[in-house]
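Residue numbers (the working numbering), protein chains in the order written: chain A, 1 to 430; chain B, 431 to 860. Cβ coordinates follow ideal geometry from the N, Cα and C atoms, glycine included. Only a predicted model underlies this, so the values are computations on that prediction, with no experimental measurement involved. Report on the following structure.
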């Protein structure tokens, strides 16, 4: 029979984990879902593909090269590259059915056709929580920042959030008469370039030595709200003052929310130019070198491409694929503790039916029990049990079945105990 | 400012739910995940897109018209149309890292570019559990059938599984000297066409009146294993006898597993010609008219397009999007019971910080509390609380904050109670 074999290749850069790691990843996702629900965010699940005119509305042709775009019949379609534009489409399309402020979270895959490299994926998960509404209180800015704390806690990590407000620098650059967008783009590079280079980039854009000195002072500011307030006198611009005021208010709210792991870092601008107020980035506490694991901020007009009504928003995001990838590379994942089978049952021909019944009884009691594949020799079954590093096995002979007493063998210690069903359940629950 | 608005259209037939329904759907998915894990299946999450040569390997050009296919750079890519071919690619590509039998489940979106219609989607969820290995015991066939029971139970439904074995009819048709594939295709239509038409289709394929009578007798058989065994004498073909034997063994295993809601229906063949033994379909008990909610069976060689080693498999699938769609259309979803906010807190300027602290304390105790958007008048806040059908609200005045005693108002009954924080937690946990 002719059967030309095809190499089982996956597309490079597309996210796929081996089962043990996937189990941990799934566990992380379900913990995050729980936190979002607990914080009154509602789930949303938009399609992976949208009409190109929707997805490309915002950015003109900017993301065109990276995007997966194709036609099907007459439809011009793209795979989504973020979860924000689909949210805007959803909100604009369901204005009359939604209750605002609308708090939604979404965990889903997004697609960017860039060249794959370490830490960069073409298909990866994003995890976003946003609040959308008209005339949104700054309490929501504080809430989105605070949200990192329970999220990271559920992942057994500590979050550290660095906060700024774009109005501050925007107002300051305005007061210097500079091109705000260009100057912001330079600030966005602060973490990547040495100070001298940043300064010379400012110089190229026409800032005077004294202006550069002031700018460097602002963007070097890191600390608590007092250090931010110490800059108040530096600038008289209204936007600057508004940013300062918003930061102070958000700080009050953060304190009321019991948030402790945060600081102000006025060099944070977040590349995207749709942020208009509060901006923030989240790091693993004590591991700033891993880079930002998430970020977010306040934006003015989510749905501007789709409708006249102005909907403000503020949102936070966790780069969950990136986070998992980092934890894996740093050997911070506990894959060894995960087991898909808690008790392996080894049966003989005459005890197979009893073994199936026992397995079912265990599962109904919430214990992950499994029969070792029956179509194998005893020796092969024992070999499989070892290979799987099962925590426990039961070798089920006829005597065990008759007496309803089972020899539970701890595969790590070799220890054996004769126990009744209920005693095994009791033991495993501890 | 020029801003040409774009209509916020979603691609037709792509799955998207409103938040309340999505919350119920997410809940269903997480319940199913729990059941699969409890039954020792490991999670897998393959990419949504694969190389076309992988996805189209099995079917030649058969699914070509339905499939979403495109190129990106030099890569010829398709969106997956099921979860089975990606599983085959994954198993073949990771043979040396996996431990067999490999039990995996996957819940993910699949894509079929057909014309959308009632109950048919272009993007929808599939939910599969499969066991892959060499020389797989029939216990796994029974396990996959049994799995519907805890899955449906978790969804507060009763499963009814109808079972057959393709060898039975294949062997029988063989013994008649007929074209097995063509005759099976006719059997697959039994639920859709009247008996006379089925009989005349058999006649067209050259079956004699006596053969047709026998065939109709077999495919009309519905009942317990005794009724299947009563047919034993009808045919002497080895494949037929093997099918009969396998059904009897699987029946023993099902009984050992405590399965009760199943019957044999020998007209079940499952369209896909890759099933080679046990086949089954699952219905909601008492609601057969809703159609099959899932199905599955035993197949011989999962990875034949990708490697020489023969890997057998048996799997079950739940059409979870279809199921949800049916429950929704039949008004069997309890969306009214879901609330994203359990307690709405209405604050005044002077109690906002105390309100944020209280909200945080509730959330840390697992209660979904939320401040009603602060940037609103008191009247507008009360209106929002009503619109959201919140179960409870607290109107937080200065007196409440000072005394740490809160007036909890039941929004359904209008009842008000003055309670301490711990008393509220206690009350809500019941």
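Own chain residues within Cβ distance below 8 Å of residue i, not counting five before or after
i	result
residue 120/A	13, 114
residue 81/A	55, 63, 66, 67, 110, 111, 112
residue 922/B	With chain B covering 431 to 860 only, the question about residue 922/B has no answer from this structure.
residue 85/A	50, 54, 55, 57, 58
residue 411/A	385, 386, 389, 390, 391, 392, 393
residue 468/B	580
residue 614/B	596, 599, 600, 603, 699, 703
residue 620/B	628, 649, 697
residue 476/B	510, 513, 516, 517, 519, 520, 536, 538
residue 852/B	none
Residue i: contacting residues in chain A (beta-carbon distance under 9 Å)
i	result
residue 741/B	None at all; the shortest Cβ gap to chain A is about 12 Å.
residue 498/B	49, 70, 72, 77
residue 444/B	46, 47, 48, 49, 50
residue 687/B	356, 357, 359, 360
Sequence-distant residues of the same chain with beta carbon closer than 7 Å to residue i, five excluded per side
i	result
residue 129/A	36, 41, 105, 144, 147, 315, 316
residue 706/B	596, 728, 729, 730
residue 491/B	Any reading at residue 491/B needs caution, since the residue's pLDDT is 47, under 50, leaving its predicted position unreliable; the model's value is listed next. Cβ neighbours of residue 491/B beyond the five flanking positions: none.
residue 30/A	none
residue 103/A	40, 41, 42, 131
Beta-carbon separation (whole angstroms), residue i vs residue j, contact threshold 8 Å
i	j	result
residue 700/B	residue 99/A	That pair is no contact at about 44 Å.
residue 341/A	residue 390/A	6 Å
residue 632/B	residue 648/B	That pair is no contact at about 12 Å.
residue 305/A	residue 243/A	Contact doesn't hold; Cβ gap of about 26 Å is too wide.
residue 608/B	residue 635/B	6 Å
residue 725/B	residue 742/B	Going by Cβ atoms, the distance from residue 725/B to residue 742/B rounds to 18 Å, so no, they are not a contact pair.
residue 866/B	residue 568/B	No statement about residue 866/B is possible, as the shown extent of chain B runs from 431 to 860 and does not include it.
residue 347/A	residue 364/A	The pair is not a contact, with the Cβ atoms about 18 Å apart (cut-off 8 Å).
residue 381/A	residue 372/A	4 Å
Proximal residues of chain B, C-beta to C-beta of residue i below 8 Å
i	result
residue 26/A	463, 473, 475
residue 306/A	435, 436, 437, 438
residue 341/A	470
residue 22/A	472, 473, 474, 475
residue 30/A	460, 463
Neighbour list for residue i in chain B, Cβ cutoff strictly below 9 Å
i	result
residue 94/A	438, 448
residue 387/A	529
Contacts that residue i makes with chain A (C-beta to C-beta distance below 8 Å)
i	result
residue 441/B	47, 49, 50, 51, 75, 77
residue 805/B	135, 136, 137
Per-residue contacts from residue i into chain B (C-beta, under 7 Å)
i	result
residue 253/A	786
Spatial neighbours of residue i in its chain, beta-carbon cut-off 6 Å, leaving aside the 5 residues before and after
i	result
residue 379/B	Shown here, chain B extends from 431 to 860; a query on residue 379/B therefore has no answer.
residue 124/A	15, 321
residue 416/A	407, 409
residue 182/A	205
residue 175/A	235, 237
residue 157/A	284
residue 753/B	723
Interfacial residues, the region 691 to 704 of chain B to chain A, with Cβ spacing under 8 Å: Taken residue by residue, none of the region 691 to 704 of chain B has a beta-carbon sitting less than 8 Å from a beta-carbon on chain A.
Residues in the region 783 to 803 of chain B having any Cβ partner in chain A nearer than 7 Å: Under the 7 Å Cβ criterion, the region 783 to 803 of chain B contributes 783, 786, 787, 790, 793, 796, 798, 800, 801, 803.
Residues of the region 37 to 63 of chain A whose Cβ lies closer than 9 Å to any Cβ of chain B, in chain order: The region 37 to 63 of chain A vs chain B, Cβ under 9 Å: 37, 38, 39, 40, 41, 42, 43, 44, 45, 46, 47, 48, 49, 50, 51, 53, 54, 57.
The region 98 to 121 of chain A: positions lying closer than 9 Å to chain B by Cβ: Here the close residues are 98, 99, 100, 101, 102, 103, 104, 109, 111, 113.
Chain A contacts from the region 551 to 583 of chain B (Cβ-Cβ distance under 7 Å): So the close ones are 553, 563, 565, 566, 567, 569.
Short-range partners of chain A found in the region 512 to 523 of chain B, where Cβ spacing is below 7 Å: Residues of the region 512 to 523 of chain B with a C-beta atom less than 7 Å from some C-beta of chain A are 519, 522, 523, listed in chain order.
At least three beta-carbon pairs within less than 8 Å, the region 220 to 227 of chain A to the region 756 to 765 of chain B: No, the region 220 to 227 of chain A does not touch the region 756 to 765 of chain B.
Near-chain A residues of the region 713 to 725 of chain B (beta-carbon distance less than 9 Å), N- to C-terminal order: For the region 713 to 725 of chain B, the set of residues with a beta-carbon nearer than 9 Å to any beta-carbon of chain A is empty.
The region 786 to 801 of chain B contacting the region 251 to 258 of chain A, beta-carbon criterion three pairs below 8 Å: Judged by Cβ distances under 8 Å, the region 786 to 801 of chain B makes contact with the region 251 to 258 of chain A, as three or more pairs qualify.
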